[in-house]
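Shown next, in structure tokens, is the structure this report addresses.
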Amino acid sequence: MTRFLAFFLTALMLLQTLGREVLVLDYQLNKAEITARFCVNKARPQLHCNGKCHLAKQLRRAEGADKKAPTEAQAKVKYEVLPTVAFELAAPQRWRRPAAHFAALVPGACAAGTARGVFRPPLLLV
Numbered sequence: 003m004t005r006f007l008a009f010f011l012t013a014l015m016l017l018q019t020l021g022r023e024v025l026v027l028d029y030q031l032n033k034a035e036i037t038a039r040f041c042v043n044k045a046r047p048q049l050h051c052n053g054k055c056h057l058a059k060q061l062r063r064a065e066g067a068d069k070k071a072p073t074e075a076q077a078k079v080k081y082e083v084l085p086t087v088a089f090e091l092a093a094p095q096r097w098r099r100p101a102a103h104f105a106a107l108v109p110g111a112c113a114a115g116t117a118r119g120v121f122r123p124p125l126l127l128v
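Residue numbering for the sequence shown follows the working numbering, starting at 3 and increasing by one per position.
See the structure below:
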């Protein structure tokens, strides 16, 4: 799930960053359809427009949106100046810890006893 989310967020960030390139790629893939639907110069084939006018409009619109976006984001930020309250740190206090009470060692209290054959302490290399 986390990999999918990482790939998804990376793809979104790349699409936002490569917005102009995506528009050009879309134009190249759908050039015939764009020429038939959106081209202003359909009646004049000698100009060889082939939908470049529509691509130029889309690129201008995307550039305008990029320039407009930071000002809108800055307008949404609200700065408030609040009065600060002076504060003082209190002197540290010492707390007494209760004495630790451990159970008395009773011989034979462990059901398994001591396992001398399994436990091997590490060797000290000095």
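Heads up, the beta-carbon is just placed ideally off N, CA and C, and yes, glycines get one too.
Computed from a predicted model, the values in this text were never measured in an experiment.
| Query | Result |
| --- | --- |
| Rounded to the nearest angstrom, what separates Glu-23 and Pro-47 at their Cα positions? | 26 Å |
| Identify whether Phe-9 lies in helix, strand or coil by the three-state DSSP scheme. | helix |
| Beta-carbon separation of Tyr-29 and Leu-57 under 8 Å? | yes |
| In terms of residue numbering, what span does the alpha helix (DSSP H) encompassing Arg-2 cover? | Because residue 2 is not part of the residues shown, which for the chain are 3 to 128, the question remains open. |
| I need the straight-line Cα distance from Leu-7 to Val-87, nearest angstrom please. | 43 Å |
| For Glu-90, which residues in the same chain have their Cβ closer than 6 Å to its Cβ, ignoring the five residues on either side in sequence? | none |
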